[in-house]
Every structure is written in C-alpha cells, then in structure tokens.
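*Asks:* Handing you a structure now.
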Amino acid sequence: MPAVPTPSRSPRSAPASSRWLGALALATLLALTGCSAFSRAVKEGDTASEQQKWADAEAAYLRALAADPEASEVKVKLGKVRTAWSNVVLEEARGVHDSGDLDGAMKRLVRALELNAENAAARELLGQTLDQRVVVGQTALKEERLKEARAEFDAVLAVAPDHAGAKRGVDGVQVAWAKRWFGTGETLEKAGKLGNALVAYVRADQERVGATAARERAEAVRQKLRDEVAFLVVAEPVEDHAGAPDVVQRLSAGRLAAMLPTQLPLRVVTEAPEGREGVRLDLSLERVLPLKVVEDSQRTQRYLAGNRSVPNPKRASFEGKLLQAERTLEEVDRKQDAALREYLRMQAELLTVREGAERCRERERRDCREALQECGEKAREAEKPGNLPSECNPARCASGACAAEELLLVGKATAVKEKEKALEAALDKSETQRIEVQRNRDTVFREPVTVEEPMYSDFVYDVQLHRLTVTASVTAVMRDLLKGQGVVAPQTQDYAVAHEDVAHKGYDRYGVLADPVQLRNELELRVEVGDKAVADVARRVKERFDTYRGKRVEDARRGMVRPGAEDVVETAVRALLLTADAPPQDILQPLGRARGLNRPEALIGQ
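If you want it as structure tokens, here you go:
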C-alpha cells in the first residue's frame, strides 16, 4: 500500500505562529508583572499607613499610581494619608510655635498646607505666625537692628508676597538704611573724606530714593572732588603778531574750553591757585596769509558724432561655432565609415566560416549514413544473432571532426555582434552631430552680417581752477604748573584751509553748460583756520591730561587688592571722576561690590 504523503508545513507559517505566541506570552508576563508591582506597592502603602509611617506610605502609593494611573481607590488612600500627615505636622508646628520658634513653626505650617491645602487650622495658625514675625521685625526695626528686621520681613514675603505689614516693614528698613548711610556720609564729609562720603551718599540714595537729601549732597560732594582733581589749563591772552583779530578771537580761552570734553574735570582758567595740576598755555598768532591762485587747463567732453556699420561680432562667434561643429561632423562621419567597413568585413568572414561549417556538417552526416548502411549489411550477414559487428560502433557517427569549425563560427558571430553595436553607436553620434550642425547653421543665418555702432568724438574746452588758501602760523608754549619756570621750547605749527572751484564757459551744442566760479569768502576761511588751530591745541592739552590721569588710575589699580579700605576708596573715586568718559571696570566693579552699590556708575553721575 503506498504511503500517504504528510502535508509539509510552510516555511513562513512556523516562524509567524511562534512570533505571535512569543508576543502573547510577553504581554501576559508584562501584565502579570505590572499587576504584581501594583499590588505590592498598594500592600506596602497600606502597611506603612497602619504604622503611621506617612512618608513611606506616600511613596508606596505614588509607585502604585505610576503602575496604574487610573486606580481611583489608590488616589483616595493617598489623599487620606496626606490629610493625616498634614494633621501630624500641624501638631508639631503648634508645639514649636508655643516654644517661641516662629521660623520653625512657619516652615512646618507651610509643609502642612502643601500636604493638605484644605487644612483650615494650619492656614489660620500660619496667618498668626506671619503676623507675629512682622511684629518681631518691627521691634528689631525700632531697635535699629536692621539686618534682623529685614530678614524677618523677607521671610514673611517669601510665604505671603502680598502681606501688607511685611511690605511696610521692608519700606521702613530701606528708609532706616538710607538715613544711616546718609548720616555716615555727613560724618565722612565733615572729616574731609570726600570719596567715602560720596560712596555713602550714593548708597543712601540707592537704598531709598527720596528718603533723604542724599542725591543733592552726592552732587555737591562730587563737584568738590572734581574741583580738587581738576586739571587746570591757564590760558594767557593770545598775542596777535599778524594783526588778525578775527583769527585771534577763535583762539581765545572760551573757544578752547568748548573744544575740550565737558564730562571730564578739565578746565580752562585765567588764574590758578598754587599747588594744582595743570599747564600754562601761551599762544601767539604769528601770521595769517591768504593766497589766491588761478590755473588754466583743458578738459574734454565726449559727444555722439554719428553711426557706422561694422561687422556683427555675434555672427563671427556663431560662424566659429558652426565651423567647429562641421569639422566635428567630418570626424564623426570618418569614424562611422570605418565602423561600417569593419562590420562588412566581419560579415564576409562570418559567411565564409558558416559555409565551411555547413560543409563539415554535411560530410559528417554522409559518413554517418554510410556507417549505418554498413552496420545494417553486416548485421544481416552475421551468423550468430545478438552479436554486434564492429562496423556498428556509435563512435563513427560522433567523431567531433567539426568542433573547431563550430567554435570558430561562434567566435565570429560574437565579433559581428560587437561590430554591429559599434556601428549603431557611430550612426547615433553622427545623427546627433548633424542636428547640432543644422542648429548652428540656422543661428548664423538669423544673425545679421553688420550692425550699427555709435561713433563718438571729443570736444576740447578751456577751464580755470580758482583756489583760495588761508594759512595761519600759531606758536604755542605749554608749561607745567607744578614744575619750575624753566625754558620751554616754543612749537610753531602752520594750519591751512583751502577751497577751490572750477569755472568755464558754456557750449550748449556739446552739452557743456556754463559754470561760473563760486569760491568761499576769505572771512569764512579765516574763521575755519582759527577753529582748526584751536582744535589742535585742545588735542595736545588732552594728551597732557591723559598722562596726568593715567598716573592716578595706576595708583587706584594698585589698591584694588583691598577695595573696601577708606584710603583706597578715596583714591579710586578720584580716579573714576578723572575717567568719567570711559571708567575702568577693574576699578568701578570691585569698589561697587565692596560698598554694596547696585549701580556703581552713579558715583560719576551716570
């Protein structure tokens, strides 16, 4: 009995079913694990709640909610635990409150409300505690214990930002600090420590604006310090050797003061007290020379004279491209002819090889038929049936004499195929190149042979250059006020101001319009040359002032290792007033931090 074939399982069905079963098992395992974690957390929470270990119970119930956020009974249990815990913390707060520790009681009451916001008793006791802390702060404020008072008020505001009593207390502390710093500033000002007094007044004004007259006193002290550190420029009357009062007036002391920066303690005076830093400036106007020069020259104006026909440059470019394309086409055609000749030659060889192979096959067939005929005759003549004569050998019909011809035929056929592909590629390339030649030829025929070109000519005309120059020679002598009256070499400098303009006649035919001369007035140039001279003098004075204040700034920097010391503050404040245009931050910031200034820039009035 034939065996019944067993149906074979699909190679894909087994892995698919195994994957499905694995996923189901994994999901079941995860569900069981989650349920076990949830149950274990709930059980731990219930045990801790019975033992009144409120922190452990809360943590366990939170783990349970993490495993199943929708467990309503766990949320109820968690609420009960927090309510009970809040009551326990409230009782601890009452005990601490009765002992007089208001800070500890307040912290515990805040924690009780965090656990249960509906705990009315804790909220009521917290309000009483805050009011008591405000009373303690007010008592410390009356006793001038300002830091303790501010700490009490800040603690109340950290819990209740809108507490009116605490806000009033903070205002009172700020006013008290302002008055204290103002009194310190008055004491330092009377002692002659103006730098420290200025810092104290600025601190008082920053503590509470308007509580004292600190801002006005700071401005007065700042002005005294500026007067003390001011760099004086004693400007003597200008000697007029050139008889030019209009230029001398521009070199006066008032004009020099206007050229110097006003935010710096750099002042121009006529007399200076003894022992002050500064320079004595002697100016003399040696000469004022106006000079007017007229120079003749020529200019050209291009104008359109007509049009002319010129070969079209675009056509020449297109013809060059056409010639290049035609030469390329010739080369492509030459390669195409060579490919065609090679293909025809290979076809002829293939035909010859095919004919030789056909003759060889015909010869093999003829030999095989003769062998079969001989085999039949010998088989009939055989005396014993069943014996196969030697003439019936199958090898006579499978000699393989034409194997070489067959191989040669296959090779020639393959070579002909390759030559055919090469010929097709050459034909495609030739056709593409013919299209390119035709396109270039069309482009050339569409472009005109000649184009119109504008023809320009130059018109030459005469012009006159008028130049007015005013030169002033000023001699300056700058002596140091603190040094002896030694001989100082005078420095003479020439200052020149020039203005020029071009004038020519008008020729409307060629587009040249008349341009009359328009020179500035000589008086304007004299005023300008005087301003140029006084600006240069102001620059040299500013260089001397920079050298002076650089020494003060270096002295202040050396003292920044202890920026809060009184002597260092005196030196630093004076250095800052001397550098009001760009105060050095390595002095300003350490000084502000050492004296508690919110805005140290206020020291220099910014």
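The opening position of the sequence shown corresponds to residue 871 in this note's numbering, with each subsequent residue numbered one higher. Even for Gly, the Cβ is constructed at its ideal location relative to N, Cα and C. If you're wondering where the values come from, they're calculated on a predicted model, not measured in any experiment.
Where Thr-898 and Ala-992 are concerned, what is the direct C-alpha to C-alpha distance, given to the nearest angstrom?
*Replies:* Reliability fails at Thr-898, whose pLDDT of 39 lies under 50, so the model's placement of it is uncertain and no value is given.
*Asks:* Taking 8 Å as the CB-CB limit, is Thr-1449 close to chain D?
*Replies:* No chain D is present in this structure, which holds just one protein chain.
*Asks:* DSSP on Arg-1078, reduced to helix/strand/coil?
*Replies:* Here Arg-1078 sits in coil by DSSP.
*Asks:* Are the beta-carbon atoms of Gly-1148 and Leu-1447 separated by less than 8 Å?
*Replies:* Going by C-beta atoms, Gly-1148 is not nearer than 8 Å to Leu-1447.
*Asks:* Could you round the C-beta distance between Val-966 and Leu-1000 to whole angstroms and report it? I think they count as a contact, below 8 Å.
*Replies:* The Cβ separation is near 15 Å, so there is no contact.
*Asks:* Bridge partners of Met-1325, per DSSP?
*Replies:* Gly-1176.
*Asks:* Just to confirm, are Val-1367 and Val-1399 a CB contact at a threshold of 8 Å?
*Replies:* Closer than 8 Å, so yes.
*Asks:* For the 8 Å Cβ check, are there 3 or more pairs between the segment 1198 to 1213 and the segment 1292 to 1312?
*Replies:* Judged by Cβ distances under 8 Å, the segment 1198 to 1213 makes contact with the segment 1292 to 1312, as three or more pairs qualify.
*Asks:* Report yes or no: do three or more beta-carbon pairs, one from the segment 1288 to 1298 and one from the segment 1203 to 1219, lie closer than 8 Å?
*Replies:* Verdict: yes, contact present.
*Asks:* Cβ of Glu-1306 within 8 Å of Cβ of Val-1180?
*Replies:* Contact: no.
*Asks:* As a quick exercise: from Glu-1018, Val-1344, Ala-1405 and Gln-1217, pick the residue whose alpha carbon is nearest that of Glu-1288.
*Replies:* Ranking the options by Cα distance to Glu-1288, first place goes to Gln-1217.
*Asks:* CB-CB under 7 Å to Val-1357, same chain, minus the five flanking residues each way: which ones, in chain order?
*Replies:* Excluding sequence neighbours, Val-1357 sits near nothing in its chain.
*Asks:* Whose C-beta lies closer than 6 Å to the C-beta of Arg-1020 among residues of the same chain, with five residues either side of it excluded?
*Replies:* Cβ neighbours of Arg-1020 beyond the five flanking positions: Val-1043.
*Asks:* Which of the three DSSP states, helix, strand or coil, is assigned to Leu-1161?
*Replies:* Residue state, collapsed to three classes: strand.
*Asks:* Alpha carbon to alpha carbon, how far is Arg-1092 from Ala-1061?
*Replies:* The alpha-carbon atoms of Arg-1092 and Ala-1061 are separated by roughly 16 Å.
*Asks:* So for Pro-1460, helix, strand or coil by DSSP?
*Replies:* Looking at Pro-1460 - three-state DSSP - the assignment turns out to be helix.
*Asks:* Would you identify the three-state DSSP class for Leu-1383, choosing helix, strand or coil?
*Replies:* Of the three classes helix, strand and coil, the one that applies to Leu-1383 here is coil, per DSSP.
*Asks:* Check this for me: beta carbons of Tyr-1380 and Tyr-1173, under 8 Å apart or not?
*Replies:* Yes, they are a contact pair.
*Asks:* Note the first and the last residue of the continuous beta strand (DSSP E) segment covering Asp-968.
*Replies:* Element bounds for Asp-968: not the beta strand (DSSP E) but the alpha helix (DSSP H), 942 to 968.
*Asks:* Cα separation between Ala-934 and Lys-945?
*Replies:* Answer to the nearest angstrom: the Cα atoms are 10 Å apart.
*Asks:* Output the boundary residues of the beta strand (DSSP E) element that contains Ala-1112.
*Replies:* It is not in any beta strand (DSSP E) - Ala-1112 carries neither H nor E in the DSSP assignment.
*Asks:* Mark Phe-1052 as exposed unless 16 or more other C-beta atoms lie within 10 angstroms of its C-beta, in which case mark it buried.
*Replies:* So Phe-1052 counts as buried.
*Asks:* Nearest to Ala-1342 by alpha carbon, out of Val-1333, Phe-1315 and Glu-1392?
*Replies:* Closest by alpha carbon: Glu-1392.
*Asks:* With a threshold of 8 Å, are at least 3 pairs of Cβ atoms found where one atom belongs to the segment 950 to 959 and the other to the segment 983 to 997?
*Replies:* Output reads yes: the segment 983 to 997 touches the segment 950 to 959.
*Asks:* By the 10 Å Cβ neighbour count, where 16 or more other Cβ atoms means buried, how is Ser-1534 classified, buried or exposed?
*Replies:* Nothing in the structure corresponds to residue 1534, since the chain is present only between 871 and 1476.
*Asks:* Between which two residues does the alpha helix (DSSP H) containing Thr-1132 stretch?
*Replies:* No alpha helix (DSSP H) contains Thr-1132, which DSSP labels as neither H nor E.
*Asks:* With three or more C-beta pairs closer than 8 Å as the rule, is the segment 1120 to 1132 touching the segment 1069 to 1086?
*Replies:* Result no; under three Cβ-Cβ pairs closer than 8 Å.
*Asks:* For the candidate residues Leu-1395, Leu-1458 and Lys-1375, whose alpha-carbon lies nearest to that of Val-1387?
*Replies:* Here the closest residue by C-alpha is Lys-1375.
*Asks:* Taking C-alpha atoms, which residue in Pro-1433, Glu-1232 and Leu-1220 lies nearest to Ala-1285?
*Replies:* Measuring from the Cα of Ala-1285, the nearest candidate turns out to be Leu-1220.
*Asks:* Can Val-1072 and Ala-1405 be called in contact, C-beta distance under 8 Å?
*Replies:* No, the Cβ-Cβ distance between Val-1072 and Ala-1405 is not below 8 Å.
*Asks:* By how many angstroms is the C-alpha of Phe-908 removed from the C-alpha of Lys-923?
*Replies:* Approximately 19 Å, taken between the alpha carbons.
*Asks:* Select from Arg-1316, Asn-989 and Leu-972 the residue whose C-alpha is nearest the C-alpha of Leu-960.
*Replies:* Among Arg-1316, Asn-989 and Leu-972, the Cα nearest to that of Leu-960 is on Asn-989.
*Asks:* Helix, strand or coil: how does DSSP classify Gly-904 here?
*Replies:* Note that Gly-904 has pLDDT 43, beneath the 50 cutoff, so the model's placement of it is unreliable and the number below is only indicative. Note: Gly-904 maps to helix in three-state DSSP.
*Asks:* Can you tell me where the alpha helix (DSSP H) with Ala-1274 in it begins and where it stops?
*Replies:* 1273 to 1316 is the extent of the alpha helix (DSSP H) around Ala-1274.
*Asks:* Hey, quick one: how far does the beta strand (DSSP E) through Thr-1362 stretch, first residue to last?
*Replies:* 1361 to 1374 is the span of the beta strand (DSSP E), which, as asked, contains Thr-1362.
*Asks:* Taking the C-alpha atoms as reference points, what is the distance between Ala-1384 and His-1336?
*Replies:* Approximately 15 Å between the Cα atoms of the pair.
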